[in-house]
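Enquirer:
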Amino acid sequence: MSGKLDGKVALITGGSSGMALATAELFVEEGALVYITGRRQQPLDDAASRLGPRLRGISADAASLEDIETLFATITAEAGKLDILYASAGVGKLHEPLHEITSASLRGQ
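Residue 105 in the UniProt record's numbering sits at position 105 of the sequence shown, and the numbers go up by one each step.
(1) Just to confirm the assignment, what range does the beta strand (DSSP E) spanning alanine 7 have?
(2) Whose CA, out of Ile84, Tyr86, Ile101, Arg56, lies closest to the CA of tyrosine 35?
(3) If distances are taken between C-alpha atoms only, which option among Gly3, Pro53, Ala24 comes closest to threonine 37?
(4) Near aspartate 61, which residues of its chain fall below 8 Å by C-beta distance, leaving aside the five closest residues on each side in sequence?
(5) Residue ranges of each beta strand (DSSP E) run of no fewer than 3 residues wholly in the stretch 17-60, ordered along the chain?
(6) Just how far apart, CA to CA, sit glutamate 69 and methionine 1?
(7) Go ahead and label isoleucine 12 buried or exposed: buried means 16 or more other beta carbons lie within 10 angstroms of its beta carbon, across all protein chains shown.
(8) Taking the continuous alpha helix (DSSP H) assigned at leucine 68, which residues delimit it?
Written as structure tokens, this is what we have:
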């Protein structure tokens with residue numbers, strides 16, 4: 001590959017399968033350090049074993065503000081930055097524009 005993502009740090013939510021995992025694989029091949037998330041640790045560990053040390057799997061629920069805060073704290077501590085966000089996991093039943101979503105919206109209140 002061309003190394004287009006050398007030095008970049010990416011986060012892919014819902015990254016343990018499907019298009020998101022395929023994207024993670026491409027990002028790793030292009031030189032990025034990639035964090036993938038999912039609710040079950042085993043598929044994340046399987047992906048990390050297959051794709052190597054530039055892929056890190058972290059169990060996190062996109063609907064949990066606490067999980068999201070912990071996730072960003074982990075990425076910041078380990079990598080110091082985040083360049084790319086690929087949001088493949090999400091929460092249904094949100095009707096607000098993105099910039100108006102609050103933690104109460106995520107909890108369904």
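Idealized CB from N, CA, C, for every residue including glycine.
Expert: Taking the geometry as given:
(1) Sequence check: residue 7 is glycine here, not alanine. Taken as a continuous stretch (DSSP letters only), glycine 7 belongs to no beta strand (DSSP E), as it is neither H nor E.
(2) Per the C-alpha coordinates, the member of Ile84, Tyr86, Ile101, Arg56 positioned closest to tyrosine 35 is Arg56.
(3) When only C-alpha atoms are compared, the closest one is Ala24.
(4) Excluding residues within five positions, the ones whose Cβ falls inside 8 Å are Arg39, Asp67.
(5) Qualifying beta strand (DSSP E) stretches, in chain order: 33-38, 55-59.
(6) One C-alpha to the other measures close to 33 Å.
(7) Counting the other Cβ atoms within 10 Å of the Cβ of isoleucine 12 gives 16 or more, which makes it buried.
(8) Note that residue 68 is isoleucine in the sequence shown, not leucine. Element bounds for isoleucine 68: 65-79.
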